[in-house]
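A short write-up of the structure that comes next.
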Amino acid sequence: MSTNLLMQFTQALSQKTIRVIDLTQPLQASTPILPLPPDFGQSWPFRLEEISRYDERGPGWYWNNFSCGEHTGTHFDAPIHWVTGKDHAHNATDSIPVDKFIAPACVIDVTEEAGRDADFLLTCEHVERWEAQHGRIPEGSWVLMRTGWSRHGASSAYLNLREDGSHVPGPHPELPEWLARERNVIGWGSEGVGTDAGQAFSFETPFPCHCHMHGANKFGLASLANLDQLPPTGAVLITPPLKIVNGSGSPCRVLALVEG
């Protein structure tokens, strides 16, 4: 039976009745990273260094060294990334059970609201209205906030930095804990550079998505793209990070499967 199911799946892929959507932004030197206050440690930007390219350094091969922070570009956040998630078992990129890297997704479209207000916050009430139309969020699902923010690419508008910090849409402070507790989601994903809103450092509980999601042993996906190609329900995400020993996260090629 399992073999038949797998064969049906591969046939559906080849016949395009299941489509594969790439939700990943290009990883390159211009990939934006979120700067922290100067008294804190900083993430490295992405850097690619050529080792050889069919030349005297290696006549038959091309390859590179690369360096970057774990949370660069489209990336996966493991629970160990935040202090609230540090004591969970199997909380790092090398120890998370691999079946957790394939899960359904619910996509909540707030592109109009985010287009009007860079500081738009998605509330529990917004989600309940979405559920009234599309059904209750199933346990173990990703909740993805579609804002259209990925259209900014590597431009300065992506981080949208001002004197008081970044201005990017994200979840309301009450939403991550509610999603983790009341809907038992697997994680939260967004198009911004991080899973929290740009001004989340100033909330009563700073960075509530990181705090509550990882505190509940949930995951995060950031810097997603092409969410406009996903239906509100029915997509399945494939999200494995690099198997970094004790890693807090990693750049990730996030793929979505949708019915063609």
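Numbering that gives the first Met the number 0 numbers the first residue of the sequence shown as 0 and each following residue consecutively.
Even glycine gets a Cβ: it sits at the ideal position worked out from N, Cα and C.
If contacts are defined as beta-carbon pairs under 8 Å, then residue i and residue j qualify, I think. What distance do you get, rounded to the angstrom?
{"i": "V253", "j": "T73", "result": "6 Å"}
{"i": "M144", "j": "I107", "result": "6 Å"}
{"i": "L120", "j": "H171", "result": "4 Å"}
{"i": "N64", "j": "A117", "result": "Wrong, their Cβ atoms sit about 36 Å apart, outside the cutoff."}
According to DSSP, which residues form a beta bridge with residue i?
{"i": "D54", "result": "G57"}
{"i": "A113", "result": "A113 pairs with nothing; no bridge assigned."}
{"i": "L223", "result": "T23"}
{"i": "F65", "result": "L47"}
{"i": "E218", "result": "With the sequence shown as reference, residue 218 is identified as Phe, and Glu is not the correct amino acid for it. According to DSSP, F218 bridges with G186."}
{"i": "S165", "result": "L160"}
{"i": "L120", "result": "G169"}
{"i": "I17", "result": "E258"}
Would you kindly report the start and end of the unbroken beta strand (DSSP E) that includes residue i?
{"i": "H74", "result": "74-76"}
{"i": "V106", "result": "101-108"}
{"i": "W187", "result": "186-189"}
{"i": "A234", "result": "234-237"}
{"i": "W141", "result": "141-145"}
{"i": "V257", "result": "254-258"}
{"i": "G152", "result": "Segment: none, G152 is in no beta strand (DSSP E) and carries neither H nor E."}
{"i": "G248", "result": "248-250"}
How would you write the range of the alpha helix (DSSP H) that residue i sits in, first residue to last?
{"i": "E130", "result": "123-133"}
{"i": "W177", "result": "174-181"}
{"i": "S155", "result": "155-158"}
{"i": "P31", "result": "Counting along the chain, P31 falls outside any alpha helix (DSSP H), and DSSP gives it neither H nor E."}
{"i": "G193", "result": "Unbroken run through G193: none, as it is neither H nor E."}
{"i": "G214", "result": "207-214"}
When you compare the CB positions of residue i and residue j, do they come within less than 8 Å of one another, or not?
{"i": "G214", "j": "G169", "result": "no"}
{"i": "C251", "j": "F75", "result": "yes"}
{"i": "T194", "j": "C210", "result": "no"}
{"i": "V167", "j": "G147", "result": "no"}
{"i": "V109", "j": "L174", "result": "no"}
{"i": "A224", "j": "T23", "result": "yes"}
{"i": "I50", "j": "W62", "result": "yes"}
{"i": "M212", "j": "A234", "result": "no"}
{"i": "A104", "j": "W129", "result": "no"}
{"i": "F218", "j": "G186", "result": "yes"}
{"i": "A28", "j": "S247", "result": "no"}
{"i": "L33", "j": "S165", "result": "yes"}
{"i": "P229", "j": "A255", "result": "Rather than Pro, the amino acid found at residue 229 in this sequence is Leu. Yes; because the gap between Cβ atoms is below 8 Å, this pair is in contact."}
{"i": "T30", "j": "P240", "result": "no"}
{"i": "G259", "j": "R52", "result": "no"}
{"i": "N90", "j": "N183", "result": "no"}
{"i": "C123", "j": "W177", "result": "yes"}
- request: Give a yes or no on contact between the stretch 64-72 and the stretch 32-47, applying the rule of three or more CB pairs nearer than 8 Å.
  value: yes
task: Determine contact between the stretch 84-93 and the stretch 118-135, defined as no fewer than three beta-carbon pairs at a distance below 8 Å.
output: no
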